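Enquirer: Pasting a structure here, questions to come.
Numbering (mature numbering (1 follows the signal peptide of the UniProt record, and there is no 0)), first residue to last: -29 to -1, 1 to 323.
Spelled out as structure tokens, the structure:
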């Protein structure tokens, strides 16, 4: 009698667990048993508000520091455990979700691409301090798809750039940040020597005037993403050596791409033009990348910004470069501009 009751109890619990599994999967079977990659640059359509899919989706808002686990970094998503693919590759980040309860912008999210292909491996190449992170955030907000990086920077990932922690060649991000030979990270030295080859000569070259970029780079080196270098760091022999070295790196980084790559694989973006005409610059670059542009997202971007982490400006009005340094910068701009004209029929707005 006792054994029969025990068997009945086991059968009932098994049925309950099976029903619970079916319910949690939305009636489609056990979550993660199948993953479909659709060949599109567009993110998957958002779930209807209040649907079971919407309730189960990993939804991330500004201020909630959610980062892809360390054990998954360096591993292509196709090799992740099924449960991790189901969880992380369906994650959505809502850049405008906080403090705007009655605004439709709060419903606009950012997702991963839905296909696995190397064709989306395209570098967003810039000298450090050229606004790479800010441009990534604006492209994500309007395009609705995550960008990636070769650096896997936990601070940036926690700020909402969720694709930061994927392998740069995952095929699930629309652009991948690199500073190429300009990085000083020993771990990336071997990669940086070959970054053009690794990206197959596919890249967006993001320019910023070397003076502004070098100042921002100095702040990054001394104070991290949000901190500042002390004013004393912009004076003396060490500063002069720093500037001379960085001017050469600025020239070599862009020259490397322009000399090695065919024009068809390159796109050009200018930080200052993003600042002057944000909507127009974002539209043009996303169109070049084949990413649909939602005008509602453009309006949200213009109204609220991208939510990107930004360092507040300091030492404005203080001259940090002498005449000789300015002359050196003018010469390297001219050198790179000649390559741009020959390769892309494009001229930088920095010429004298």
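We treat Cβ as the ideally placed atom computed from N, Cα and C, and that holds for glycine.
Please read all numbers here as calculations on a predicted model, not as lab measurements.
Whose C-alpha, out of 301, 239, 110, 312, is nearest the C-alpha of residue 219?
Expert: Answer by Cα proximity: 301.
Enquirer: Could you give the residue range of the alpha helix (DSSP H) that holds residue 94?
Expert: First-last for residue 94: 94 to 97, but that is the beta strand (DSSP E), not the alpha helix (DSSP H).
Enquirer: Determine the direct distance from the alpha carbon of residue 76 to that of residue 267, and round the result to whole angstroms.
Expert: Cα to Cα, the separation comes out at about 8 Å.
Enquirer: What three-state label does DSSP hand residue 147 in the structure shown?
Expert: Of the three classes helix, strand and coil, the one that applies to residue 147 here is strand, per DSSP.
Enquirer: Where does residue 258 land, buried or exposed, given buried means 16+ other C-beta within 10 angstroms?
Expert: It counts as exposed.
Enquirer: Would residue 272 and residue 109 qualify as a contact pair, given that the criterion is a beta-carbon distance under 8 Å?
Expert: Yes, the Cβ-Cβ distance between residue 272 and residue 109 is below 8 Å.
Enquirer: Check for me: the beta strand (DSSP E) holding residue 239 runs from which residue to which?
Expert: Start and end: 237 to 241.
Enquirer: Classify residue 229: buried if its beta carbon has 16 or more other beta carbons within 10 angstroms, exposed otherwise.
Expert: Classification for residue 229: buried.
Enquirer: Excluding the 5 residues flanking residue 30 on each side, which residues of the same chain have their C-beta closer than 6 Å to its C-beta?
Expert: Here the set comprises 63.
Enquirer: Less than 8 Å separating the beta-carbons of residue 331 and residue 98?
Expert: No answer is possible for residue 331: it lies beyond the span of the chain, which begins at -29 and ends at 323.
Enquirer: Roughly how many whole angstroms lie between the Cα atoms of residue 53 and residue 242?
Expert: Distance between the alpha carbons of residue 53 and residue 242 is about 40 Å.
Enquirer: Please work out which residues of its chain come closer than 6 Å, Cβ to Cβ, to residue 114, disregarding the five sequence neighbours upstream and downstream, and give them in chain order.
Expert: The answer, listed in chain order, is 257, 262.
Enquirer: Quick check on this structure: which residue in 307, 269, 252, 274 has the alpha carbon closest to the alpha carbon of residue 224?
Expert: Of the listed residues, the one whose Cα sits closest to residue 224 is 307.
Enquirer: Leaving aside the five residues before and after residue 33 along the sequence, list all residues of the same chain whose C-beta is less than 7 Å from its C-beta, in chain order.
Expert: If we look at residue 33 and ignore the five residues flanking it on each side, its Cβ neighbours are 66, 68, 69, 131, 278.
Enquirer: Could you tell me whether the Cβ atoms of residue 319 and residue 304 are closer together than 8 Å?
Expert: Taking 8 Å as the Cβ cut-off, residue 319 and residue 304 qualify as a contacting pair.
Enquirer: Can you list, in chain order, the residues of its chain with a C-beta nearer than 8 Å to that of residue 309? Leave out the 5 residues immediately preceding and following it.
Expert: Within the same chain, residue 309 has no close Cβ partners at all.
Enquirer: Short check: CB of residue 94 to CB of residue 174, under 8 Å?
Expert: Result yes, Cβ atoms of residue 94 and residue 174 sit closer than 8 Å.
Enquirer: Grab the span of the alpha helix (DSSP H) containing residue 125 for me, first residue to last.
Expert: From DSSP, the alpha helix (DSSP H) with residue 125 extends over 125 to 129.
Enquirer: Just the Cα atoms here: how many angstroms apart are residue 284 and residue 50?
Expert: Roughly 43 Å separates the two Cα atoms.
Enquirer: Which residue's Cα is closest to the Cα of residue 289: 206, 146, 221?
Expert: That would be 206, whose Cα lies nearest to the Cα of residue 289.
Enquirer: Note down the Cα distance separating residue 103 from residue 96, rounded to an integer number of angstroms.
Expert: Cα to Cα, the separation comes out at about 8 Å.
Enquirer: Would the beta-carbon of residue 119 fall within 8 Å of that of residue 139?
Expert: Result yes, Cβ atoms of residue 119 and residue 139 sit closer than 8 Å.
Enquirer: Over the uninterrupted alpha helix (DSSP H) stretch that includes residue 253, give me the two end residues.
Expert: That run of the alpha helix (DSSP H) goes 249 to 260.
Enquirer: Work out the CA separation of residue 61 and residue 216 for me, nearest whole Å.
Expert: Going by the C-alpha atoms only, they are around 43 Å apart.
Enquirer: Just the C-alpha distance for residue 145 and residue 105, rounded to the nearest angstrom, thanks.
Expert: Taking the straight line from one Cα to the other gives about 15 Å.
Enquirer: How would you write the range of the beta strand (DSSP E) that residue 175 sits in, first residue to last?
Expert: That run of the beta strand (DSSP E) goes 174 to 178.
Enquirer: Please give the ranges of any alpha helix (DSSP H) in the region 290 to 316, keeping only runs that are unbroken, at least 4 residues long and fully inside the region.
Expert: Entirely contained in the region 290 to 316, the alpha helix (DSSP H) runs reaching 4 residues are, in chain order, 294 to 315.
Enquirer: Give every residue of the same chain whose Cβ lies closer than 8 Å to the Cβ of residue 58, excluding the five residues on either side of it in the sequence, and list them in chain order.
Expert: Excluding sequence neighbours, residue 58 sits near 29.
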